[in-house]
Amino acid sequence: MCASVAGLGARQVMLHAPDQFPEVGRGTLVLRREGHRARAMLQVVAALTGSTAAVRALPPARRACYFPEERALPAGAAYSQVACLLDCRLTHIRRVCGCVPYFFSAAFPDVKTCNVSGVLCIGGEHVALRFFSPPGAPLKAAAAAAEDGPALNCSQCLPSCSNSRYSVEVLSWHQTVDETSVANPQFNACDAYIDVHFKDLSAVLYRRDVAFDDMQLLVSFGGITGLFLGVSLLSAVELGYFALRLLAAAARAARAALGGAPRPPLAPAPAPAPDPPAPPLYAWLP
């Protein structure tokens, strides 16, 4: 990309994800030196993050992230934490100033575009727009509230469960106007030349997964108990069986105590009469 920086001290280059709005504070400056040509090489490193089905099954409050289809932003952009924080600032601007900047008029057709007084109102809120309280940053929000007033409440802006992050490595140098570039003759006709490309042909893919769920906790607890205490499922059943027997015996004892004196033992049954003696075997002989 060839650019002219005549009369300017620098050019600002902003690189952002395709589903996010550019932010001025995140740009890269290409400085100009008098009598020199500036050349900047911006090497982009991509990192992708995905989540498994086990993470999707968890409620958002537990997994602490949103999938793109779970939340819709009024600005119409795909959900990301950066877009949500931007929408949080726009909500504050609409509430305080009653308008939106002109470059957001298409996203909010029912809200008037800021005129000069609206722009001055936004400028007066620059301190409040600088600090917000996203999830996981209570110390930053507390410090901002103590120093410059209350921070914006953007605690609903959880990170995205699936997102793409682009980091930029900047290499820049200058050449005098008398020097020429043989490799790229187009550079000779430019005050500044910016080369943007991916550093590697591949990207780093991170996967967010559930490391320890309730079932694994139950299995781990049972294994540790069996290892150190010799407890098994059969021993637990036996423990319950003997506990029930103990309770039954205690109930019988309590019932007997409430019933009064114990009953006298029953008299033994009379012994049966002995059989008559058998006749002698040879009693018929003379």
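Numbering (this note's numbering), first residue to last: 23 to 308.
Positions of the beta carbon are idealized from the N, C-alpha and C atoms, including for glycine.
Check residue i in the structure and name its three-state DSSP category.
i: Gln42; result: coil
i: Gly72; result: strand
i: Pro241; result: It is Val, not Pro, that sits at residue 241 in the sequence shown. Here Val241 sits in helix by DSSP.
i: Phe89; result: coil
i: Phe234; result: coil
i: Phe126; result: helix
i: Ser177; result: coil
i: Phe154; result: strand
i: Leu64; result: strand
i: Leu193; result: strand
i: Ser184; result: coil
i: Val133; result: coil
i: Phe264; result: helix
Which residues bound the alpha helix (DSSP H) around residue i?
i: Leu227; result: From DSSP, Leu227 is part of no alpha helix (DSSP H) but of the beta strand (DSSP E) over 226-230.
i: Thr113; result: 103-119
i: Cys143; result: 138-146
i: Ala83; result: 82-85
Assuming residue i contacts residue j under a Cβ cut-off of 8 Å, what Cβ separation, rounded to an integer in Å, is found between them?
i: Cys4; j: Ser155; result: Residue 4 falls outside the range modelled here, since the chain spans only 23 to 308, and no answer is possible.
i: Met36; j: Leu193; result: Not confirmed; about 18 Å, so no contact.
i: Val104; j: Ile115; result: So it is not a contact: roughly 17 Å between Cβ atoms.
i: Tyr88; j: Pro82; result: 6 Å
i: Ser102; j: Cys183; result: So it is not a contact: roughly 11 Å between Cβ atoms.
i: Pro90; j: Ala100; result: 5 Å
i: Leu95; j: Phe43; result: That pair is no contact at about 10 Å.
Spatial neighbours of residue i within its chain, please: C-beta separation below 6 Å, excluding the five flanking residues on both sides.
i: Cys106; result: Cys179
i: Tyr124; result: Thr135
i: Pro181; result: Cys87, Gln103
i: Ser143; result: Strictly speaking, residue 143 in this sequence is Cys, with Ser absent from that position. Same-chain partners within the cutoff: Cys119.
i: Val218; result: Leu64
Kindly indicate if chain C contains any beta-carbon less than 9 Å away from that of residue i.
i: Ala272; result: Note that chain C does not occur in the displayed structure, where there is just one protein chain.
So, for residue i: in the same chain, excluding its five sequence neighbours on each side, which residues have a beta-carbon less than 8 Å away from its beta-carbon?
i: Lys221; result: Gln65, Val66, Val67, Glu191
i: Ala76; result: Asp231, Val232, Asp235
i: Gln238; result: none
In its own chain, which residues sit with a C-beta less than 7 Å from the C-beta of residue i, not counting the 5 before and 5 after it?
i: Ser186; result: Ala39, Ala68, Leu70
i: Val133; result: Arg116, Cys121, Val122
Contact between the region 69-79 and the region 214-228: three or more CB pairs below 8 Å? The region 69-79 makes contact with the region 214-228: 3 or more CB pairs, one atom from each, lie closer than 8 Å.
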